[in-house]
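Contents: one structure, followed by commentary.
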Amino acid sequence: MCAAGIGHPLNEPHVNPSSSPPSRIAVVDALRALALMPVVIVNWVGYPALPDAGPLSPPSPVDSPLAQVLSFLLHALVAGKGISLLAFLFGYSQALSQRSRSETARAHRRQRLQRMAVLGLLHGCLLYMGDILTTYAVCGWVMLGWMSRRLSEVRVRLRVIVALNVLILLLAVVLAQMPVSASTSVPLTTPMSWSSWVLSNAGHYLAMVITIIVLGLPLPLLLMTLGLIAGRMRLFSHPRWRPALAAWVRRWGWPALLLNVLCVTLLWPGLSVGDVRDGSHFAIGYLYPTLLLLSAAVPALVLMLHRQPKWLQLLAPMGHHTLTIYIGSSVVSLLLFSGAGLAWQPGTAMALLLALLYWGAGLVLSHLLGSRRLPLEAWMSR
2 MCAAGIGHPL
12 NEPHVNPSSS
22 PPSRIAVVDA
32 LRALALMPVV
42 IVNWVGYPAL
52 PDAGPLSPPS
62 PVDSPLAQVL
72 SFLLHALVAG
82 KGISLLAFLF
92 GYSQALSQRS
102 RSETARAHRR
112 QRLQRMAVLG
122 LLHGCLLYMG
132 DILTTYAVCG
142 WVMLGWMSRR
152 LSEVRVRLRV
162 IVALNVLILL
172 LAVVLAQMPV
182 SASTSVPLTT
192 PMSWSSWVLS
202 NAGHYLAMVI
212 TIIVLGLPLP
222 LLLMTLGLIA
232 GRMRLFSHPR
242 WRPALAAWVR
252 RWGWPALLLN
262 VLCVTLLWPG
272 LSVGDVRDGS
282 HFAIGYLYPT
292 LLLLSAAVPA
302 LVLMLHRQPK
312 WLQLLAPMGH
322 HTLTIYIGSS
332 VVSLLLFSGA
342 GLAWQPGTAM
352 ALLLALLYWG
362 AGLVLSHLLG
372 SRRLPLEAWM
382 SR
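Per our numbering, the sequence shown runs over residues 2 to 383.
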């Protein structure tokens, strides 16, 4: 699934990575680096569920207590968190880039969105059907016209988007009561030729894009609009907001956590064995409890980053390179897990460990690169 918010050069004013970026940008970079971790985890652990199910696959092996516990925690605390945070950061970064309002800057934003759409199309067709770049590019085009709007006008649009989300959620609940088709597609982990795999993957990716454009845009737009408003308010950087953020975390942190755990607990008998109906119910609704959890977790992280600058210094460099690291994770999953590659199904615990090691390697690489940009980031920033 799973980002224009995924790469530093896509959305924000240019900052030389070798210099120390302003705190307002460094915090966003650090959050983007953290958001990439659950994206890679979900994409790798959930790979066996493609193309019909997801975002995660059932615990594997099914009789392993460790796999059961890890899978439950991933469903409750990880699934959807990364892509939702990246969408929010996309909007937040748009607010930061509003400092440049010249026609040249606007043309550059349009060019970056075009390149993102092309990259998303290639990524989705050739590497990973759950691409998120395409969705973010479409939402970015919608938001281009909002850049010059007053905050009050953006809030009106936010109310409209909230209403659309309610309508679509109600429609999804109704559709979820309909009989589930017994037919299933060939899993993308089934050994096959590269050409056959690409045809299958690309077909499901294009079907997913059409579905998202027809029904799925309001949710990422909601997150991006909230991010745009937060960025304009300087929610993560101005000290005046910190007492309010701390109070919000104290009030909603535990209730949000318990809500996410409760939702998964109710569906776990089916999710743990790959039941299609419970899996579809989870896929329909899991992002909404996620919003409440992120509304508490993200302020807590922001406050921690301000209190502990060493974490900011550790994480922020990775925010410059997350686009390449994201695409690279899809290349690795294609080689290891797909039917066109090794068709390896390592199990829940091993897939989680590999994803964490990959993310950690990306963090180390980001520090080793210093001021150098990786090719995709350099291309997007030109």
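Using N, Cα and C, we set each Cβ at its ideal position, and we do this for glycine too.
Under a 10 Å Cβ-count criterion, Q178 is classified as exposed, with fewer than 16 other Cβ atoms of the shown protein chains found around its own Cβ.
CA-to-CA, the gap between S331 and Y129 works out to about 6 Å. For I214, there is no enclosing alpha helix (DSSP H), as DSSP marks it with neither H nor E. In terms of Cβ geometry, N44 and S296 do not form a close pair [threshold 8 Å]. When DSSP states are grouped into helix, strand and coil, Y93 belongs to the helix group. Comparing C-alpha distances from G228 to each of F89, H282, P66, M234 shows the shortest one belongs to F89. Within the same chain, Cβ atoms closer than 6 Å to the Cβ of L377 are found at L324, T325, the five residues on either side in sequence being excluded.
The criterion of a C-beta distance shorter than 8 Å is satisfied by G232 and Y93. Proximity to I26 across A362, W345, I285, S238 peaks at S238, based on C-alpha coordinates.
A distance below 8 Å between beta-carbons, with the five flanking residues on each side excluded, links A350 to the following residues of its chain, in chain order: S65, L67, A68, L71. Under the 10 Å beta carbon count, P49 is surrounded by 16 or more other beta carbons and is classified as buried. With a 10 Å radius around the Cβ and a threshold of 16 neighbouring Cβ atoms, L172 comes out exposed.
In this structure, L37 sits near Y327, with a CB-CB distance shorter than 8 Å. In the three-state reduction of the DSSP assignment, M193 falls in the coil class. Following the DSSP letters along the chain, one finds V161 inside the alpha helix (DSSP H) bounded by residues 152-177. Listed in chain order, the non-local C-beta contacts of A96 below 6 Å within the same chain comprise L229, G232, R233, local neighbours out to five positions each way being set aside. Taking G47 as the centre and dropping the five residues before and after it, the same chain places the C-beta of G55, P56, L57, S58 closer than 7 Å to its C-beta, in chain order. Here A54 carries a coil assignment [DSSP, helix/strand/coil]. Cβ atoms of P192 and G371 stay farther apart than 8 Å, at about 41 Å. According to the DSSP assignment, S367 belongs to the alpha helix (DSSP H) that extends over 349-370.
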